[in-house]
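*Asks:* When we follow the working numbering, the leftmost residue of the sequence shown carries the number 497, and every step to the right adds one.
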Amino acid sequence: MNILVTGGAGYIGSHTCVELLQAGHKVIIADNFSNSKSQVLQAIEAITGKKPVFYQIDVADYKALKQLFCENDIDGAIHFAGYKAVGESVQKPLSYYQNNFCTALTLAQVMQEEGVFRLVFSSSATVYGIDNPIPYKEEYPTGAVNPYGRTKVMIEQMLTDLAASDRRWSIALLRYFNPIGAHPSGLLGEDPNGIPNNLLPYIAKVAAGQLPHLNVFGDDYDTRDGTGVRDYLHVVDLAEGHLAAMDYMMEHNGVEAVNLGTGQGSSVIEVLHAFEQACGKQLPYQIAPRRPGDIGEYYAHPGKAERLFGWKAKRSLQQMCADSWRYTCRQNNL
Ligand code: NAD
Ligand code: UDP
497 MNILVTGGAG
507 YIGSHTCVEL
517 LQAGHKVIIA
527 DNFSNSKSQV
537 LQAIEAITGK
547 KPVFYQIDVA
557 DYKALKQLFC
567 ENDIDGAIHF
577 AGYKAVGESV
587 QKPLSYYQNN
597 FCTALTLAQV
607 MQEEGVFRLV
617 FSSSATVYGI
627 DNPIPYKEEY
637 PTGAVNPYGR
647 TKVMIEQMLT
657 DLAASDRRWS
667 IALLRYFNPI
677 GAHPSGLLGE
687 DPNGIPNNLL
697 PYIAKVAAGQ
707 LPHLNVFGDD
717 YDTRDGTGVR
727 DYLHVVDLAE
737 GHLAAMDYMM
747 EHNGVEAVNL
757 GTGQGSSVIE
767 VLHAFEQACG
777 KQLPYQIAPR
787 RPGDIGEYYA
797 HPGKAERLFG
807 WKAKRSLQQM
817 CADSWRYTCR
827 QNNL
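1) May I ask you to report which of helix, strand or coil DSSP gives A573?
2) From the DSSP output, which residues share a beta bridge with S618?
3) Measure the Cβ-Cβ separation of R803 and H730 and say whether it is below 7 Å.
4) Decide if L830 is buried, meaning its Cβ has at least 16 other Cβ atoms within 10 Å, or exposed.
5) Go ahead and label F771 buried or exposed: buried means 16 or more other beta carbons lie within 10 angstroms of its beta carbon, across all protein chains shown.
6) Where does K800 fall in DSSP's three states?
7) When you compare the stretch 698 to 713 with the stretch 637 to 651, are there three or more beta-carbon pairs, one atom per stretch, that lie closer than 8 Å?
8) In angstroms, rounded to a whole number, what distance separates the CA positions of Y683 and S820?
9) So which residues touch the region around the ligand UDP, with touch meaning a C-beta under 5 Å from any heavy atom?
10) Contact check, L669 vs A556 under 8 Å by CB: the rounded distance?
11) Rank S532, N642, V549 and R822 by C-alpha distance to the C-alpha of F565 and give the top, closest one.
12) Span of the alpha helix (DSSP H) holding L707?
13) Helix, strand or coil for L517? Go by DSSP, reduced to three states.
14) Whose C-beta lies closer than 6 Å to the C-beta of D721 among residues of the same chain, with five residues either side of it excluded?
15) Where do the ends of the alpha helix (DSSP H) carrying I524 lie?
16) Within 6 Å: the Cβ of G682 and any heavy atom of the ligand NAD?
17) Got a sec, what are the start and stop residues for the alpha helix (DSSP H) A556 sits in?
18) If you measure from the CB of K800, is any heavy atom of the ligand NAD nearer than 6 Å?
19) Identify, in the order they occur along the chain, each residue of the same chain with its Cβ nearer than 7 Å to the Cβ of H797, setting aside the five sequence neighbours on each side.
20) Does the ligand NAD have a heavy atom nearer than 6 Å to the CB of T512?
See the structure below:
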């Protein structure tokens, strides 16, 4: 199949392109490099031996996207393009509503005009808000607590309305939990600019000697060691989940919200210890105050993905840390 991957040069998108190419699909990437680098395209080619078609465009640019569809016989799309930093979304809400919502709107509009009705959308566990019991199940009410999360809720609602309006649509709303890790080749991974907000990239920079210690945001949560618990999943498992979702959507119509997580929670301290094992040294940390807006513990109920897509995360926390460390070493010539 010919699959359009918006945001395909990004962290999750690039790993998904690798899996798509290795499964024999043709991949057409649309990315404006607002949060990625062109070297990613060479890495995808080095891993797979195949070259994706690439368009450096803004996905919210109707004319440019229309041209892409005219020049390629697209069978379905996976929509990753968007901004993803929660804190930044509070500082710059308009930029988040504009980029996240307008890319999804323009893509859906062009797909409808071009008669392409298979769409996989990158949603997030953040749509569950703060009041739901764990593990999170897809039927729970949504309600995000920051502009980033609200863009995901709004896009989910728009796509649900769209699917209700025309039976030909087949849309998967994939709610990711905490993707971490890197491609086992060490060629692809997550490399944020500046000081990372997320736990794994931060720990990786401490391990690489670029930051002095990890700040553990709170050790007084009602969890097994007092630190925050999340459902970390390997980015390659996540990428495989997209292929499974796309296969399912080719055979079924309608809209489905589906969690992609392992169903297992790990605490900040457990992740730190797993990374210490991966890099072979002790990593300094300090207990810091809770981060505003953080929830103590959540993880996925992962049963629906297995039931519908036959997909289940396979890779361990240890493997996630080992792959992440390999990528960090390669990036920093360690
Ligand atoms: P990323 O920033 O690495 O990738 C996003 C890509 O989209 C980047 O390459 C960026 O250049 C591109 N992009 C952004 N706006 C664009 C536009 N208007 N036109 C064209 N390209 C554009 O992020 P990621 O971690 O790979 O996340 C991918 C998607 O998954 C995002 O929608 C994100 O909200 C969602 N998600 C991510 C996580 C996570 O923890 N990484 C968790 C849940 C959901
Ligand atoms: N965390 C931390 N120190 C950091 C970054 C994160 O203790 O420097 C904790 C955070 O409080 C949460 C967990 O690690 O309990 C995962 O945070 P992350 O930002 O990676 O993901 P999210 O909060 O989006 O689930």
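Where is the CB? At the ideal position from N, CA and C, for every residue including glycine. Note that the structure is predicted; figures quoted are calculated from it, not measured.
*Replies:* Based on what the coordinates show:
1) The sequence position of residue 573 within the sequence shown is 77, counting from 1. Strand.
2) In the sequence shown, residue 618 corresponds to position 122, counting from 1. For S618, which the question treats as bridged, DSSP gives the partners L670.
3) Start at 1 with the first residue of the sequence shown, and residue 803 comes out as number 307. Start at 1 with the first residue of the sequence shown, and residue 730 comes out as number 234. No, they are not a contact pair.
4) Counted from its first residue, the sequence shown places residue 830 at position 334. Exposed.
5) Here the question's residue 771 lines up with position 275 in the sequence shown. So F771 ends up on the buried side.
6) Residue numbering aside, residue 800 sits at position 304 when the sequence shown is read from its first letter. Helix at K800.
7) no
8) As a position in the sequence shown, residue 683 is number 187, starting the count at 1. As a position in the sequence shown, residue 820 is number 324, starting the count at 1. It is worth fixing the name first, because residue 683 is Leu in this sequence and not Tyr. Going by the C-alpha atoms only, they are around 10 Å apart.
9) N694, L695, Y698, V712, F713, G724, R726, V764, R787 and D790
10) Walking along the sequence shown from the start, residue 669 turns up at place 173. Walking along the sequence shown from the start, residue 556 turns up at place 60. 20 Å between Cβ atoms; not a contact.
11) Here residue 565 is taken as the residue at index 69 of the sequence shown, counted from 1. That would be V549, whose Cα lies nearest to the Cα of F565.
12) Locating residue 707 in the sequence shown gives position 211, where the first residue counts as 1. From DSSP, L707 is part of no alpha helix (DSSP H); its letter is neither H nor E.
13) Translated into positions along the sequence shown, residue 517 becomes position 21. Correct three-state label for L517: helix.
14) As a working note, residue 721 is residue 225 in the sequence shown. Counting only Cβ-Cβ distances below 6 Å, and skipping sequence neighbours, we find S763 and I765.
15) Your numbering for residue 524 matches position 28 in the sequence shown. No alpha helix (DSSP H) contains I524, which is instead part of the beta strand (DSSP E) from K522 to A526.
16) Translated into the one-based positions of the sequence shown, residue 682 becomes position 186. G682 Cβ: outside cutoff for every heavy atom of the ligand NAD.
17) Stepping through the sequence shown from its first residue, residue 556 is reached at position 60. Taken as a continuous stretch (DSSP letters only), A556 belongs to no alpha helix (DSSP H), as it is neither H nor E.
18) Counting from 1 along the sequence shown, the entry for residue 800 is found at position 304. No; taking the cut-off as 6 Å, the Cβ of K800 has no heavy atom of the ligand NAD nearer than that.
19) Sequence index remark: in the sequence shown, residue 797 carries index 301 (1-based). So the qualifying residues of the chain are P631, Y632, K633, N755 and G759.
20) The sequence position of residue 512 within the sequence shown is 16, counting from 1. For the ligand NAD, not one heavy atom lies less than 6 Å from the Cβ of T512.
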